[in-house]
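Numbering (our numbering), first residue to last: 608 to 1578. Glycine is no exception: its CB is placed at the ideal position from the N, C-alpha and C atoms.
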C-alpha cells in the first residue's frame, strides 16, 4: 500500500508513521491494533478518502472496536451524510458491536430525526411495520435486548429508548386532545419491564415511574405503585447480592475480576442462577477485551451450555462476532463449524466457511501456530467424516486428502502435542474406513516422536487388541517395544497392562515369563528412581534448604529434633529472629557471586504485553540475551517474569526495554527488590488471601509457597510485585504489624539472598556433641557436671523417654562454648564409663541429620475418641487425594475439607502430592468425594480414588519451534 501526504497535513513524522502502518498491514492484515492506529492517524490528519478506505478494509475482515464505530458515526453526521447512510452504519455497527454506548447514540439519533421533523408525525406510524420509525425502533430494540443485562451501564441505552416514547407521547397528546393515547400503555409496560431487570440506576427508574404514574394514572396511583414496588423490591434483592462485585469491578475491571465474578455467578444455587446476567457479564468483558480469543471461547462455551436460555439467533450471532473479532483463532472457527452443523447447515454452507478460513493468511502459512491450527483441524476432519458417513462415502476422496494433509502437518509441527490428538483422530477415521495397514504405519511413524509416553503405547496396544486376525501377537509385539526401553515416562502402566493381558490371553508359560519380566523391570525402575531421588535431594539441599535455613538463621538441632514436635502455631518466628537474616529493608550491597539459583537478582519483569503473548514469543524476544531458566506469565496483569542463569544475561535482557512484541512496545525492568519474604501469617492463609492483602500496595504478580516435601511445618512465602516501589511500600506498612496476631508480628522483608549471613550455632561451628549409650538413670545435672570439667557447657539436651523407669533413652546433645573444648571433651570421654553404671559412652561431633521426606499426621479432636472401629469401617469414611500441590499445608486443606463435615484425621503426604483424610461419618466422606474430584486447590485439579496415585514423572519439555539459539538453554 502506498500513501502520499501533503507536508502541511503531516506533522511530527506523520508520513513515516502512516507508511510504517501500511507496511505492517501488508505483512499481516489481521492485526486489530495496527488497523486502529492507522484509522486514528488518518482521522487526526483529516485524510477523509484514505480514512474511509481504511475503515472499509478493517470492517471487511475484522470487527471494528466500539470507539472506531462511534468515531465513524460521528464523522458521518459531521460530514453531512444522508439519513439512510447513517442509519445503515448504525445497523451494521449493532450487528458486530452491540454495546451500550452505540445503542444510546442510535437512540439519540432517532429522537433527533423525530424532533427535527425528518420523521413526520412519527406517533401515527408506530404500529406500521413498514414505517421508517418502526424500522428504526426494531433495530434499536434489538440492540437494547443485547445490552439490557449490563448492570452498570444499561440505563444509558434504555433511557435513550424511553425518551423516544416520552416525546412521541407528548406529540400524540398535543395533536389528539381528548382521545385515547395509544403510546401511553406502551410506555407503562416499558417501565414495568425495565423494573424487572437488575440495573445500577433502578432507584432512579422507580422514581421516574412514580412521576409518570402521578401524571397519567393519578386516580389509581396507590394500586399502580404497590404493584410496581413488589417488582422493584424483588429486583433490588437480586441487585444487592451483586453490589460488592460491581464495586470491585468498578475499581478493577481486569480480566481476573471479571473471571471471578462470572465464576461466582456460575456457582450460585440453581434457584438463584441467572443465565441472562452471566451473559451480560460476558458482553461487558468483550467490550473491553474484544480481541482476546480466550474470552470469546469461554463465552461461546457458556452459551452452548445453556440451550434453554439462549436462542439459536443469540448463539450464532455471538459466534459470528467472535470469528470476526478474532479471525485467526482456530478454536473459534472450530466452534463455528460445530455449531453450524448442529443447527443443520448444509454441506455447501460449511464448505463456504472452510473456504473463508483457508483465505486467512494465518491458516495458509505453512509454519502456522500448530496449537492454534489443531482445534480447527479436529473440528473440520470430524465434520467431514460425519458428512461422508451420512452420504455413502460421497466425500471419501476429500476426507482422505484432508486426513493425510493434517497428518503431514502433525508430523512436521505437532510433535510436541502430548495427546497427539490429530493423529488419534485420523487413526480413528482410517480405522472406520477399514484401512488397518495404513493405520499401523501411522502408529509406527508417530512412535518416533511419541515413543517415550506410556499413554501412546497403551493406545496402540488397545487398538491392536480390537483388530481381527492375529491380535494377540500384534498387541504383545507393541508392548514389548516400551518394555525394552528405559526412557518411558510411566513404565508401571506398561508393566501392568502386560501382565493383565497375559493372564487373560496367554499360556501358563507366557504368563510366568511376564511375571519374571515385570519383576526385573520394576527392580530397574526402583534403582533408577532411587538415584534420581538422591540427585534431586542434593540439588534441593543446595538450592532450597540452604536458602531457607540461611534466611531464617535456624540452627541444625533446633530446626530438626526440637521442632519436630512443635505445633504449627509454635513454629511462628519472632520478629526479632528475622531482623538479622538474609532479608533486609533496603539492601545496598551489590549482589554477591553465587553458584546457587538467585531469582531476586537474575529476573526481569516484562509488562504492557500484548494480550495474546505466548511463552514462545517471550523466548524469541530474549533469544540473544542468554540462558533462560524459566518464564512465568501473568496474563491478568499482561506481564511476565523471566529468569536468567546469571547476572550478565539479566543485564543483557534489560537492554530490550522499549522494544516491541507483536507491534506493541513493552517495558522490561529489573526484578531486583520486587520480591518479599513473608512469614508469621496464619497457617490457613492461601495464595488468594495473601494476594488480597498485598495488592493494596501495588500489582502483585505472584505468591510462591515452598515445597513441604521435607518439612511440613514450613510457613513462609515469597510475594513478588511488578515494581520495587510497591514492595518497599508493603514492607513499610506491614512489617511488624499485628494484622493477624498482636503477639506474633507479621514479618515482611525485601528478599535478598546476597545479604545472607553465614550460619552460626553449635552444630554449624562443630561445637555440638552427640552422646549415646548413656545410662537411663543418669540425670542432666550429672551429665552436665561431667562435661563441665572440659569447658563451658552452653546447652545440654537429653530427650525424655516415654518408657517407664527411664529418664531418657540414652542419647543426647551437648554444646560446648568453643571447638577446642568440644574436641577436648571427645578425647576425654569417648569410650569412657560415666558414673558407676558400667556402660561405655560414645561422644562425637554431632552431624547433620539427612533430609527425610515428610509426612504430617493431624488428629482432630471430637467427642467420640473412645470409638473402636474395624479397618473396613475406617476405610469407608476415608478419602484419598492425589495431585495435591506439595505447597498445600494441613490448615489450608482442612479449611476446604471441613465444608463437607467434621474431620477425624488428616495425613498429609507432600512427597506423594497427596493426602489421606478420614471423616467422622461415611455420609460426609461421600459428600466430599462427589464434590471435590477435579476441584482446583493451589491451581491444581485434585483427584480422588481408592489410594494415592503416585505422580507421573514430568516429561522433558520439547524445544521444537523455539528459536535455534534458545534450544540448548537451560529450562
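| Check | Outcome |
| --- | --- |
| Cβ neighbours of residue 1347 in the same chain (closer than 7 Å, five flanking residues each side left out) | 1288, 1289 and 1353 |
| Same chain, Cβ closer than 6 Å to residue 1079, five either side skipped, listed in chain order | 1112 |
| The alpha helix (DSSP H) enclosing residue 1525, as first and last residue numbers | First-last for residue 1525: 1521-1526, but that is the beta strand (DSSP E), not the alpha helix (DSSP H). |
| Rounded straight-line distance, which links the Cα of residue 630 to that of residue 650 | 18 Å |
| Distance between residue 958 and residue 721 (C-alpha atoms, nearest Å) | 45 Å |
| Cβ-Cβ distance between residue 1325 and residue 1390 below 9 Å | no |
| Cβ neighbour criterion (16 or more within 10 Å) applied to residue 1265 | exposed |
| Bounding residues of the alpha helix (DSSP H) (the contiguous stretch that carries residue 690) | 690-703 |
| Strand pairing of residue 1548, partner residues [DSSP] | 1543 |
| CA nearest to the CA of residue 865, picked from 1328, 710, 689 and 890 | 890 |
| Completely contained alpha helix (DSSP H) runs for the region 818-871, where each covers 4 or more residues | 828-847 and 850-858 |
| Per-residue burial, residue 1119 [other beta carbons within 10 Å of its own, 16 or more giving buried] | exposed |
| The region 720-737 in contact with the region 695-702 per 3-pair CB rule at 8 Å | no |
| Identity of the residue in 1478, 751, 1314 and 1307 nearest residue 1519 by Cα | 1314 |
| Contacts around residue 776, its chain only, beta-carbon distance under 7 Å, and the 5 residues preceding and following it disregarded | 788, 790, 791 and 794 |
| Paired residues, beta bridge with residue 1419 - DSSP | 1378 |
| Nearest-angstrom Cα separation, counted from residue 984 out to residue 1029 | 7 Å |
| Residue 1232 and residue 1205 closer than 9 Å at C-beta | no |
| Nearest-angstrom Cβ-Cβ length linking residue 1664 and residue 1549, presumed shorter than 8 Å | In the structure as shown, the chain starts at 608 and stops at 1578, and residue 1664 therefore has no counterpart that could be examined. |
| N- and C-terminal bounds of the alpha helix (DSSP H) containing residue 1240 | Residue 1240 -> not in any alpha helix (DSSP H); beta strand (DSSP E) instead, spanning 1235-1241. |
| Beta-carbon spacing of residue 879, residue 828 below 9 Å | no |
| Contacting residues, own chain, Cβ-Cβ under 6 Å from residue 1093 (five flanking each side not counted) | none |
| For residue 660, the first and last residue of its enclosing alpha helix (DSSP H) | 655-668 |
| Nearest residue (CA-CA) to residue 1539, options 1131, 1516, 1501 and 1512 | 1501 |
| Close Cβ partners of residue 1448 (< 8 Å) along its chain, the five nearest in sequence each way excluded | 1378, 1379, 1380, 1381, 1436, 1437, 1438, 1439, 1440 and 1441 |
| Per-residue burial, residue 689 [other beta carbons within 10 Å of its own, 16 or more giving buried] | exposed |
| Proximity of residue 1129 and residue 1211 at Cβ, strictly below 9 Å | no |
| Option nearest residue 1230 by Cα separation, candidates 1061, 1250, 1495 and 1489 | 1250 |
| Nearest-angstrom beta carbon gap, residue 1556 and residue 1489 [assumed within contact, 8 Å] | 4 Å |
| The region 1426-1435 contacting the region 1394-1410, beta-carbon criterion three pairs below 8 Å | yes |
| Where the alpha helix (DSSP H) through residue 1301 begins and ends | 1294-1301 |
| Proximity of residue 906 and residue 929 at Cβ, strictly below 9 Å | yes |
| Environment of residue 908 [buried if 16+ CB atoms lie within 10 Å] | exposed |
| Residue 1407 (DSSP reduced to helix, strand or coil) | strand |
| Beta-carbon proximity check, residue 1086 vs residue 1116, cutoff 9 Å | no |
| Contacts around residue 615, its chain only, beta-carbon distance under 6 Å, and the 5 residues preceding and following it disregarded | Residue placement at residue 615 is poorly supported in this model, since its pLDDT is 44, which falls under 50; the coordinates still yield a value, given next. Taken in chain order, the list of residues that qualify is empty. |
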